[in-house]
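See structure below.
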Amino acid sequence: MNTKNMLKLCVIGALGVATLGLTLAFTAPPAAAHGERSQEPFLRMRTAQWYDTRWNPSKTSVNDEAMLSGKMHIAEDWPRAVVRPNRTFINVGSPSSVFTRLSSKVNGIPMFTSGPMELGGDYEYVIRLRARLPGHHHIHPMLAVNGAGPIAGPGGWMDIQGNYKDFTNPVKLLVGGTIDTETAGLVAGLFWHILWGGLGFLWIAWFMIRPMFLIRARVLAQEGGDELLTDPADKVAGFIMLGTVFVIIAVGFFATDAQYPYTVPLQAGAPLIKPTHLESDLTMKVLAADYDVPGRALRMTLTVTNNGETPLRIGEFTTAGIRFLNKVGVANNLDPNYPAEIMALDGLNMEDDSPILPGETKDIKLDSRDSLWEFQRLMDMVHDPEQRFGGLVMSWDDSGNRHINSIAGAIIPVFTRAQG
Ligand SMILES: [Cu+2]
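Numbering-wise (our numbering), the sequence shown opens with residue 549 and increments by one.
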């Protein structure tokens with residue numbers, strides 16, 4: 549390498565380091581969320597439809613218990629592109645293990661292993677958490693679907709105060725006594741990693757110096773065999789290593805077996821959880837729907853029939869954990885702790901907001917209009933190869949009973965104002 553090239557390399561290197569330094573110093577705000585908005589709209593609107601999500605309490609100290617709970621409806625209109633929920637797991641989406649999970653129940657049944665969920669089914673989950681790492685964290689319920697990946701529910705902020713050093717996670721053992729899972733087995737884990745890692749490095753080092761890999765590869769390619777490369781010392785080293793490994797495995801096995809005579813394997817059975825079903829006196833059909841790009845609104849025409857005995861009013865449309873409400877929804881279903889940034893309190897409009905009377909069938913024009921469509925990047929659905937939407941419509945009678953319908957339909961994008 550000549551001096552000129554050397555100089556060039558130095559300049560490029562210096563610029564690179566300076567850029568990285570500046571970026572870290574000035575433009576690295578703490579991550580406020582973790583990419584939930586970049587999940588495709590069809591994945592967020594037409595798979596698990598989350599509602600009644602609660603982060604309770606939202607402020608805790610290290611070692612305190614908290615609860616993440618809510619309900620989800622598994623959409624009937626599950627997208628073709630997503631693997632069906634034959635093997636699912638209810639989880640928590642969080643920036644690293646800021647909480648430990650103590651238990652999770654779905655429809656009252658412990659769900660510590662994966663199991664199937666039914667399309668069209670409704671599931672109520674309760675996840676008990678224990679605060680671990682202090683900070684201001686964005687926490688989502690999450691449904692992991694085998695083959696499809698994690699599907700994040702709505703995110704809410706949870707604050708943990710205190711000091712990580714005080715964190716303990718005591719667990720009662722079936723054979724008596726308690727352990728702290730935060731530290732249990734740590735020494736043994738480190739010991740085995742160092743031991744096997746060290747032996748592996750020794751093995752590689754032995755052959756690295758007699759001679760190096762590239763030379764060996766060339767000899768092998770040229771000679772077609774390894775007779776030239778091995779000498780008697782290599783064979784001795786090989787047998788010593790084999791013996792050592794077998795002895796370590798045997799000693800390790802018998803020592804561990806003597807120390808822990810009672811063990812149970814990791815559990816792998818699938819819980820078969822019976823779903824409940826949405827209850828509603830209304831039947832709803834999507835007659836037509838379009839997404840107004842400049843107006844940032846999903847405009848639906850629904851044919852609605854009231855099969856019940858009380859007049860009902862529509863109050864909320866919920867999709868992808870984002871809630872569009874009108875006055876009826878605010879009066880009946882406003883949870884003051886629900887994150888304000890994923891709620892549009894005046895986001896639902898109807899041309900005719902008179903109640904749907906018992907026995908009546910009518911077409912209702914329902915608009916959910918808010919900048920949230922764009923901000924939450926749900927309007928990306930106009931770029932999907934399958935332009936469909938889904939969501940939950942909630943209605944109430946005068947005494948506050950809620951009726952929920954899951955709707956789905958095709959949308960037509962409207963790109964310009966003139967057309968709309
Ligand atoms: Cu988040």
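All C-beta atoms in this analysis are idealised placements derived from N, C-alpha and C, irrespective of residue type, glycine included.
query: Three-state secondary structure (DSSP) at Gly618?; result: strand
query: May I ask you to report which of helix, strand or coil DSSP gives Gln967?; result: Here Gln967 scores only 46 on pLDDT, less than 50, and its place in the model should not be relied on; the value that follows carries that caveat. Correct three-state label for Gln967: coil.
query: Secondary structure at Phe660, three-state DSSP: helix, strand or coil?; result: coil
query: Based on the DSSP secondary-structure assignment, which residues constitute the bridge partners of Gly641?; result: His688
query: Are Leu873 and Leu905 close, meaning C-beta to C-beta below 8 Å?; result: no
query: Which class does Lys720 belong to by DSSP, given the choice of helix, strand or coil?; result: strand
query: What span of residues does the beta strand (DSSP E) with Met848 cover, start to end?; result: 845 to 854
query: Any heavy atom of ligand 1 closer than 7 Å to the CB of Glu584?; result: yes
query: Can you name, in chain order, every residue of its own chain whose Cβ lies under 7 Å from the Cβ of Met789, other than the five neighbours on each side?; result: Trp751
query: Among residues of its own chain, excluding the 5 on either side of Ala679, which ones have a beta-carbon nearer than 7 Å to its beta-carbon?; result: Thr608, Ser609, Val610, Asn611, Asp612, Ala614, Phe647, Ile708
query: Tell me whether Gly869, by its Cβ, gets closer than 7 Å to a heavy atom of ligand 1.; result: no
query: Does DSSP classify Glu672 as helix, strand or coil?; result: strand
query: Is DSSP giving Val735 helix, strand or coil here?; result: helix
query: Is any heavy atom in ligand 1 found nearer than 7 Å to the beta carbon of His688?; result: yes
query: Quick check on the burial criterion: 16 or more other C-beta atoms within 10 angstroms. Buried or exposed for Phe660?; result: exposed
query: So, is Val795 buried or exposed, given that buried needs 16 or more other C-beta atoms within 10 angstroms?; result: exposed
query: Would you decide whether Met620 is buried or exposed? Buried here means 16 or more other CB atoms lie within 10 Å of its CB.; result: buried
query: Would the C-beta of Gly703 count as close to ligand 1, meaning under 7 Å from any of its heavy atoms?; result: yes
query: Return the residue from the list Trp603, Met665, Glu588 that minimises the CA-CA distance to Ala623.; result: Met665
query: Where does Gly710 sit, in a helix, a strand or coil, going by DSSP?; result: coil
query: At the level of alpha carbons, what is the spacing between Gly817 and Arg594?; result: 28 Å
query: Can the beta-carbon of Thr866 be found closer than 8 Å to that of Met927?; result: no
query: Between the C-alpha atoms of Thr964 and Leu914, what's the straight-line distance to the nearest angstrom?; result: 20 Å
query: Can you tell me the Cα-Cα spacing of Val962 and Gly843, whole angstroms?; result: 9 Å
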